[in-house]
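Here the structure is laid out as structure tokens; the discussion comes afterwards.
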Amino acid sequence: MGPPGSRDTQALLASQEPSMEKSEMELGPQQCDYHVDRQILNEQALEETGQRSRSAKPFRFTPPRLECSKAIAWATLQRFLPILTWLPHYPAREWLLGDLLSGLSVGIVQLPQGLAYALLAGLPPVFGLYSSFYPVFVYFLFGTSRHISVGTFAVLSVMVGSVTEALVPSDSFMGPGNSSVNVSARDAARVEVASALSLLVGVFQIGLGLIHFGFVVTYLSEPLVRGYTTAASVQVLVSQLKHVFGLEPEDYSGPLSLIYILLDILWKLPKSNVSTVIVALVASVLLLAMKMINQKLGKKLPVPLPAELIMLIGATAISFGVGLNHKFGVGIVGDIPAGLILPRMPDHHLFKNLVGNAFAMAVVGFAIAISLGKIFGMKHGYEVDNNQELIALGLSNFIGGFFHCFPISSSMSRSLVQEGAGGNTQIAGAISSLLILIVIVKVGVLFNHLPKAILAAIVIINLKGMFVQFSDIKSLWKSNRVDLLIWLVTFVATVLLNLDIGLAVAIGFALISVIFRTQLPHYSILGQVPDTDIYRDVTEYKEAKEVPGVKIFSCSATLYFANAEFYRQALKEKIGLDVDYLISKKKKLIKKQIWNAKKLQKGKKQKKNDIQKVSLDSSRSTGMNIKIDEMETGNAMEDGVANKPSVSEKGSSTFTLETLGLPQPNFHTLILDLGTLNFVDTVCIKTLKNIIRDFQEVEVKVYLAGCHGTMIAQFESGNFFGDSITKGHLFVSIHDAVTFALKQSGSRVVKTVVATRM
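Numbered per the numbering used here, the sequence shown spans residues 315 to 1072.
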């Protein structure tokens, strides 16, 4: 004799034996059937049959035990310094060449992007090189993703630029009596702001990582992130127009600043430098041509053409040889100092003005990096630790803040280059950072004559991938209108209200949309699919028929405080019965009956006194004795009270809808499908209790069905079960509840649902 589980399984599969000879792929849904013969199970019977363990005790905080040993210390060190885990086992023969080529390729791309994105941040280009070296090397030590390329990122750079231009406007550095700006002093002040911002971003990310708050990124849905990055790309495009046209627009910050800047550029467009425009157009065309060559001949070329690097070298040489700056007034990068700058603590007085922006950048930077990290991790079969990634990015930004860097994140374009060039580990990032170090120390000074229009063209052309995201509008219109609304609200809010306020509005709207969806779910009345124990919406399934005398109400969302009132209203509408009105009419009639009964009793008492007085007088005069009890009975019969039920203030429940002359519901049982419950709050418990009480008042029994096992403990802790509501009212499935209800009512329909054949 085998164990009970095997016996049950064999019994269930007994009818399938002939068809088991066929392969699994040949079997369709109509070729397999099974038969189940069991008793009706409510929650009480299920707990007895399944031997449910005692409910878990409420959570109590217990301080962690502090233990220390060499093994625990080493494991902790490996967790916070992942390089100790993978570097000792690094297969140099298989992976070193790929990492070397990948690192060189990423470094070649990172050089022009670092210079260009520094302009987005409102800083001298050399600080983009610093931000491409220090943070990248720190991530090499602490990061867990093998393929993402951290460093300067367009979205974060423009966020930094909006802060630096707002706190350090050019107008504050005007010389006395003239219109020229003290550029060196302004840039030094902006570097202080950017460094302080980087340090604060790092503090936020490290703190969130240490408290295991990596799941915060789950609140940034894909439509939100894509709408936000698309809006940021528009911000980036507008910010580069001044370098394309050679203009100096006014500095604007805050809401609608993008609109003001765009209008200012359009107003000053006639004053554009024609030579600068030509340089930008030629550079853009050449960059697009080289990228198209890479795209079409990528498999035939041994190494992709380094379009940005070729453009940097060629443009610098032409600018120096022709004298674009002196002869034609084309703006150039200017002095790029050689060597590294000594570390320095950022000005702590700036922190109070940067807290909000720093937190927004910390969340956005982490969201972009972890999204890319998860994609590459799934593709190559390794895990990326959310919290360790927060700590790694935080340390990169924190340490970078001491070395005059601005906040960084991961770049999609460079990450694709790193993976496509054969990168296998974080060593590729370390090699790219070393290449940037060589440029900073020795080669950077050669790019002094590089036109800013070239960097602007590089930035704009690299935005092509982000602008493709406008196609999301079409796809989301077809797939999910709510996600489309999140995308549009995020985009519009970010464009109009700037990047920091736009992000807050986007997250708030996304959370409101979740509440809105749970407040207005789909409500339905279920019917039984013929010859099955399956119940579906009768409006969607033509063959699904309501069980006579039974109403089954289902909701597609959990029941909680935000939608409890909607749930009650939808229940009344779907079943076609206004319970509140019926109860109100019943109470009014009962109250009237009680008042009439009191009035009748008062009249009877008065008659009794009169009869007693008359009987005394008449007995004296006629000698006749009258029985008072007989007189009362006679009067009662005459008034027709004997045909009515006894009434008292406490006994109003003896009245029925029929005796009161009220219409009776056309069903005797209501079943609430609770299969969608995923948590229980006090409002949910109160609502269910009120529903059960109200329907019992109108002589309808209420049963609950399909509740998950984890919800039972929450019902118990919420004191849901008691004398009037027991676990006998809660059934494991809708079919159990229907079968029980029909048995209780004595309906003949029981025969069609008790024996289930599928």
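Note that the Cβ used here is the ideal one computed from N, Cα and C, for glycine as well. In this text the structure is predicted, and so the values were computed from the model without any measurement.
Quick check on DSSP: helix, strand or coil for residue i?
| i | result |
| --- | --- |
| Ala435 | coil |
| His1049 | helix |
| Pro862 | coil |
| Ala735 | coil |
| Ile722 | coil |
| Cys998 | helix |
| Asn356 | strand |
| Phe867 | strand |
| Asp987 | strand |
| Tyr849 | strand |
| Pro618 | coil |
| Lys582 | coil |
| Lys613 | coil |
| Ile655 | coil |
| Ala674 | helix |
| Ile632 | helix |
| Leu398 | helix |
| Ala385 | helix |
| Met339 | For Met339, the predicted structure reports a pLDDT of 46, less than 50, and the residue's modelled location is therefore unreliable. The matter cannot be settled from this model. |
| Lys1015 | strand |
| Leu561 | coil |
| Ile525 | coil |
| Arg1071 | For Arg1071, the predicted model reports a pLDDT of 37, less than 50, meaning its position is unreliable; a value from the coordinates is still stated below. The answer is strand: DSSP assigns Arg1071 an E or B state. |
| Leu1044 | strand |
| Ile646 | strand |
| His1022 | coil |
| Val698 | coil |
Going by CA-CA distance only, name the one from the options that's closest to residue i.
| i | options | result |
| --- | --- | --- |
| Pro396 | Tyr533, Arg658 and Glu703 | Glu703 |
| Ile745 | Ala387, Glu357, Gly412 and Arg366 | Gly412 |
| Asp995 | Val647, Thr466, Ser1031 and Pro657 | Ser1031 |
| Asp661 | Ala508, Leu974 and Lys582 | Ala508 |
| Val819 | Gly541, Val482, Leu433 and Phe447 | Gly541 |
| Gly737 | Lys766, Cys1021 and Pro405 | Pro405 |
| Leu748 | Ile354, Gln353 and Ile422 | Ile422 |
| His557 | Val644, Ile520 and Leu619 | Val644 |
| Leu619 | Ile627, Asn608 and Asn794 | Asn608 |
| Arg831 | Arg795, Leu914 and Leu971 | Arg795 |
| Asn812 | Gln1010, Gln353, Leu511 and Val474 | Val474 |
Is the Cβ-Cβ distance between residue i and residue j less than 8 Å?
| i | j | result |
| --- | --- | --- |
| Ile650 | Val440 | yes |
| Ile775 | Ser598 | yes |
| Val472 | Val550 | yes |
| Leu760 | Thr630 | yes |
| Val1052 | Val861 | yes |
| Val755 | Leu514 | no |
| Arg460 | Tyr849 | no |
| Leu583 | Phe559 | yes |
| Leu572 | Val773 | no |
| Ser723 | Ala674 | no |
| Thr872 | Thr1001 | no |
| Val731 | Ser419 | yes |
| Glu506 | Ser567 | no |
| Leu524 | Ile386 | no |
| Ser1080 | Gly1023 | For residue 1080 there is no data in the structure shown, the boundaries of the chain being 315 and 1072. |
What do you get for residue i, buried or exposed, if any count of 16 or more other CB atoms within 10 angstroms of its CB means buried?
| i | result |
| --- | --- |
| Tyr348 | exposed |
| Leu570 | exposed |
| Glu622 | buried |
| Pro402 | exposed |
| Ser710 | buried |
| His1078 | Outside the shown range of the chain (315 to 1072) lies residue 1078, about which nothing can therefore be said. |
| Ala502 | exposed |
| Val782 | exposed |
| Arg728 | buried |
| His694 | exposed |
| Glu887 | exposed |
| Val482 | buried |
| Phe720 | buried |
| Ser463 | buried |
| Asp943 | Residue confidence for Asp943 is low, a pLDDT of 43 falling below 50, so the modelled location carries little weight and cannot support an answer. |
Return no unless some Cβ of chain D is closer than 8 Å to the Cβ of residue i.
| i | result |
| --- | --- |
| Ser724 | Among the chains of the structure shown, chain D does not appear; only one protein chain is present. |
Note down, one range per segment and in chain order, each alpha helix (DSSP H) of at least 4 residues found wholly within the segment 810 to 844.
813 to 833
Entirely enclosed alpha helix (DSSP H) segments - the segment 455 to 488, minimum 4 residues | 468 to 481
- Message: Threshold first: 4 residues or longer. Then list the alpha helix (DSSP H) segments lying entirely within the segment 753 to 822, N to C.
- Response: 766 to 776, 778 to 781, 786 to 793 and 795 to 811
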